[in-house]
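Engineer: So for the sequence shown, my numbering puts the first residue at 1; every next one is plus one. Where is the CB? At the ideal position from N, CA and C, for every residue including glycine.
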Amino acid sequence: MTMKASAQMWVKLGWARVAGAALLVAAVLGSIGCTPLTVPAGQPGGSSDSTDSTVGSDAASPGSLATEAPAAGTQAFATVTRVIDGDTLDLSTGERVRLIGIDTPERGDCGYAEAAALLTELVAGRDVSVTNPAEVEDTDAYGRLLAHIGVPGVTGATVDVGHELVARGLAVPRYNSTDGYALHPFEADYAAAAATATPFTCGAPGGVPAAGQWSCVFDPTYDQNWHNDAWCNNGAEGYRPTLREWDSHVTEAELMESAAEYARTLNAR
1 MTMKASAQMW
11 VKLGWARVAG
21 AALLVAAVLG
31 SIGCTPLTVP
41 AGQPGGSSDS
51 TDSTVGSDAA
61 SPGSLATEAP
71 AAGTQAFATV
81 TRVIDGDTLD
91 LSTGERVRLI
101 GIDTPERGDC
111 GYAEAAALLT
121 ELVAGRDVSV
131 TNPAEVEDTD
141 AYGRLLAHIG
151 VPGVTGATVD
161 VGHELVARGL
171 AVPRYNSTDG
181 YALHPFEADY
191 AAAAATATPF
201 TCGAPGGVPA
211 AGQWSCVFDP
221 TYDQNWHNDA
231 WCNNGAEGYR
241 PTLREWDSHV
251 TEAELMESAA
261 EYARTLNAR
């Protein structure tokens, strides 16, 4: 027998053994009633109808809730490290979050400082739930994670901070199904809260303080002096107060909390 013929014979023998082993495995599995691994309908990775589906290689694996931002339609937990304004905050995961379905006053508008102060009061330094509903895009045009943020209430129930801002008159329902965006889970609740809320006002239409009514906004000077980054005015005059002089490092949220108190003191005179 030539070397080539010998090699061909061993190849044939090898395939025969593989085929025989495969038939043996199939026979054993059939005899004990084994079926392919499936996921029940309605479970992650499963079919939405009554037919089971085989788990594929791309099945999602759970991540660490303490370190990873949530995927669409999931809830995670993280710590709030910074409040940017009334509807934006930073998480310990490294994500910046834009609250879903509400809008708070922009910098320079009436209520800006108060909305930021309320959000700071609710979430700063606290562990919160972060929920990105499946119906809503993961992020906005600025790359911010879109999410509902929840904090534990006094009764132990979770309080949605977006609802709290609306209920206190410091936010309005927006970016929802009424203006071309997705319907989010709390849309009806926000609308109901807005219907009974008393909108925050600074004393004059358009967000401009009336003469004698002081209001302060965050207006950084970028001069390495954190204490004078608030601008206060009463519609007739304005200036920069020096706030929290005892504090060696002042965050935006801390400064605006002091600025809001400063404005209330001026208005009480």
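Let me make sure I understand the geometry here. Which of GLY108, LEU91, THR198 and ILE100 has the alpha-carbon closest to that of ARG126?
Structural biologist: Residue LEU91 is the option with its Cα nearest to ARG126.
Engineer: Could you please give the first and the last residue of the uninterrupted beta strand (DSSP E) stretch that includes LEU99?
Structural biologist: From DSSP, the beta strand (DSSP E) with LEU99 extends over 96-99.
Engineer: Could you tell me which of LEU99, GLY111 and CYS232 sits nearest to PRO133, measuring between CA atoms?
Structural biologist: With distances taken between Cα atoms, PRO133 lies closest to LEU99.
Engineer: What is the DSSP secondary structure of TYR239, reduced to helix, strand or coil?
Structural biologist: It is a strand residue.
Engineer: For ALA230 and GLU187, I'd like the C-alpha separation in whole angstroms.
Structural biologist: When rounded, the distance between both Cα atoms is 34 Å.
Engineer: Terminal residues of the continuous alpha helix (DSSP H) containing GLY162?
Structural biologist: 161-167 is the extent of the alpha helix (DSSP H) around GLY162.
Engineer: Do you know offhand how far THR196's Cα is from MET256's?
Structural biologist: Answer to the nearest angstrom: the Cα atoms are 27 Å apart.
Engineer: Going by alpha carbons, who is nearest to SER215 out of LEU118, TRP226 and ASN233?
Structural biologist: Selected option, being the one with the closest Cα: ASN233.
Engineer: Around the Cβ of GLN213, are there at least 16 other Cβ atoms within 10 angstroms (buried) or fewer (exposed)?
Structural biologist: Looking at its Cβ environment, which holds 16 or more other Cβ atoms inside 10 Å, GLN213 is buried.
Engineer: What's the gap between the Cα of ASP247 and the Cα of ALA117?
Structural biologist: Those two C-alpha atoms are separated by around 18 Å.
Engineer: Which whole-angstrom value describes the C-beta separation of ASP87 and ALA191, a residue pair presumed to lie in contact below a C-beta threshold of 8 Å?
Structural biologist: Going by Cβ atoms, the distance from ASP87 to ALA191 rounds to 17 Å, so no, they are not a contact pair.
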